[in-house]
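*Asks:*
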Ligand SMILES: Nc1ncnc2c1ncn2[C@@H]1O[C@H](COP(=O)(O)OP(=O)(O)OP(=O)(O)O)[C@@H](O)[C@H]1O
Ligand SMILES: [Mg+2]
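Numbering (our numbering), first residue to last: 2 to 284.
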């Protein structure tokens, strides 16, 4: 390595450390930070994150969501942000977009021009983008931050754990299938290795309720509950499958607000209460 290259690398390393320090400081200002994890994609993690954010906000706490998923950012749509409503910036930094119920949203997706732009970023680029964004965002006064992590336990998850050492804990989202058992175990092992508490497991797509009221446990019954018992962690609750959920999400409507009396909305309110009981009790 030439001297110039070496100097350049040293300068960059210093910059990264500075950014890291800024993020750590900023995150300390936010009371409760919860990372939403799933070992597997497509289990409804973003929907659960957005709905929990809405449930918490409806209970009067100030909520922010950081969407760290570079590949499939869906939080802005699920929180009712119309296309074109994005982040703003001034001399005080980047300001979050404000979605339903005043929820502040920062998503890497808001930096990417169009839905159709494929994001082919390698690990260091992704983690760099997360760090730089978090260093520049001016969150204002926030009680709860939910972090929607991409599926799996890789670069982005580790970066978040490093940048936010004051995380209150993780919430693991799964569906009731045998395949998901393996991935949930991975997510628990990952969280334990980082010494972050697991707040609990949420099972999405637990059952489908017919118009006559009968419940069908399409993917099998009780998997998440038994996993929770096995690992001695809290089972936070189950969310039913409702076709209206997919429709709302696709249309950019906020399910939680559109269907306030639905069983899923009720379940989110109950789960939000349990999460608050868990993290606020530990302060
Ligand atoms: N309980 C549910 N009932 C019906 N549809 C649901 C339910 N939960 C999620 N969906 C739908 O399933 C799809 C996947 O949900 P979502 O995007 O939240 O998953 P994800 O785990 O975040 O996926 P990814 O791994 O791509 O980030 C979406 O179309 C969403 O609307
Ligand atoms: Mg998602």
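From the three backbone atoms N, C-alpha and C, an ideal C-beta is built for every residue, glycine too. Only a predicted model underlies this, so the values are computations on that prediction, with no experimental measurement involved.
(1) Mind checking which residues open and close the alpha helix (DSSP H) that includes residue 126?
(2) Do you know how far the Cα of residue 229 is from the Cα of residue 95?
(3) Identify the continuous alpha helix (DSSP H) that holds residue 258 and give its terminal residues.
(4) Whole angstroms are fine: how far does the CA of residue 136 sit from the CA of residue 23?
(5) Helix, strand or coil for residue 229? Go by DSSP, reduced to three states.
(6) Please say whether residue 238 and residue 189 have beta carbons closer to each other than 8 Å?
(7) What residues match up with residue 145 in a beta bridge as DSSP calls it?
(8) Name the DSSP bridge partner or partners of residue 204?
(9) Which stretch, first to last residue, makes up the alpha helix (DSSP H) that contains residue 71?
(10) Please go through the same chain and pick out, in chain order, the residues whose beta-carbon is closer than 8 Å to the beta-carbon of residue 38, but skip the five residues on each side of it.
(11) With hydrogens ignored, establish whether the beta-carbon of residue 167 is closer than 7 Å to any heavy atom of ligand 2.
(12) Measuring only from the beta carbon, is residue 206 closer than 7 Å to any heavy atom that is part of ligand 1?
(13) Terminal residues of the continuous beta strand (DSSP E) containing residue 94?
(14) According to DSSP, is residue 266 part of a helix, a strand, or is it coil?
(15) Quick check on DSSP: helix, strand or coil for residue 91?
(16) Might you give, ordered along the chain, the residues of its own chain that have their beta carbon closer than 7 Å to the beta carbon of residue 1, omitting 5 neighbours on each side?
(17) Can you give me the C-alpha to C-alpha distance between residue 1 and residue 144, rounded to a whole angstrom?
(18) Starting from residue 170, follow its DSSP beta bridges and name the residues at the other end.
(19) What's the gap between the Cα of residue 224 and the Cα of residue 232?
(20) When every heavy atom of ligand 2 is checked, does at least one fall within less than 7 Å of the C-beta of residue 46?
(21) Does the Cβ-Cβ distance between residue 52 and residue 257 come in under 8 Å?
(22) Taking a contact to mean a Cβ-Cβ separation below 8 Å, would you say residue 165 touches residue 201 in this structure?
(23) Exposed or buried, residue 44, counting other C-beta atoms within 10 Å across all chains shown (16 or more means buried)?
*Replies:* If we stick to the structure as given:
(1) Counted from its first residue, the chain shown places residue 126 at position 125. Start and end: 124-137.
(2) As a working mapping, residue 95 is identified with position 94 in the chain shown. As a working mapping, residue 229 is identified with position 228 in the chain shown. Roughly 39 Å between the two C-alpha positions.
(3) In the chain shown, the residue the question calls residue 258 occupies position 257. Residue 258 -> alpha helix (DSSP H) spans 256-259.
(4) Here residue 23 refers to the residue found at position 22 of the chain shown. Here residue 136 refers to the residue found at position 135 of the chain shown. Their Cα atoms are separated by approximately 6 Å.
(5) For the purposes of this step, residue 229 is identified with residue 228 of the chain shown, where counting begins at 1. Residue state, collapsed to three classes: helix.
(6) On the chain shown, residue 189 is found 188 positions in, with the first residue counted as 1. On the chain shown, residue 238 is found 237 positions in, with the first residue counted as 1. For the 8 Å CB-CB criterion, residue 189 and residue 238 do not form a contact.
(7) Sequence index remark: in the chain shown, residue 145 carries index 144 (1-based). DSSP lists 33, 64 as the bridge partner or partners of residue 145.
(8) As a working note, residue 204 is residue 203 in the chain shown. Per DSSP, 175, 239.
(9) Taking the chain shown and counting its residues from 1, one reaches residue 71 at position 70. Residue 71 -> no alpha helix (DSSP H), and no H or E assigned at all.
(10) Locating residue 38 in the chain shown gives position 37, counting from the first residue. Result list for residue 38: 46, 150, 154, 158, 171, 172, 173, 174, 188, 191, 192, in chain order.
(11) Within the chain shown, the letter at position 166 stands for residue 167. Not so, every heavy atom of ligand 2 lies at least 7 Å from the Cβ.
(12) Sequence index remark: in the chain shown, residue 206 carries index 205 (1-based). Indeed, a heavy atom of ligand 1 lies less than 7 Å from the Cβ.
(13) Against the chain shown, residue 94 aligns to sequence position 93. Segment 94-96, the beta strand (DSSP E) holding residue 94.
(14) On the chain shown, position 265 is the one that residue 266 refers to. In the structure shown, residue 266 sits in a helix (DSSP, three-state: H, G or I).
(15) Here residue 91 refers to the residue found at position 90 when the chain shown is read from its first residue. Note: residue 91 maps to strand in three-state DSSP.
(16) Because the chain spans 2 through 284 in this model, residue 1 falls outside it and cannot be assessed.
(17) Only positions 2 to 284 of the chain appear in the structure, and residue 1 is not among them; the question remains open.
(18) Residue 170 sits at position 169 when you count from the first residue of the chain shown. Residue pairing by DSSP puts residue 170 in a beta bridge opposite 35.
(19) Translated into the one-based positions of the chain shown, residue 224 becomes position 223. Translated into the one-based positions of the chain shown, residue 232 becomes position 231. Approximately 12 Å, taken between the alpha carbons.
(20) Against the chain shown, residue 46 aligns to sequence position 45. At least one heavy atom of ligand 2 is nearer than 7 Å to the Cβ of residue 46, so yes.
(21) Locating residue 52 in the chain shown gives position 51, counting from the first residue. Locating residue 257 in the chain shown gives position 256, counting from the first residue. The Cβ atoms of residue 52 and residue 257 sit closer than 8 Å to each other.
(22) Here residue 165 is taken as the residue at index 164 of the chain shown, counted from 1. Here residue 201 is taken as the residue at index 200 of the chain shown, counted from 1. No; because the gap between Cβ atoms is not below 8 Å, this pair is not in contact.
(23) Taking the chain shown and counting its residues from 1, one reaches residue 44 at position 43. Buried: at least 16 other Cβ atoms inside 10 Å.
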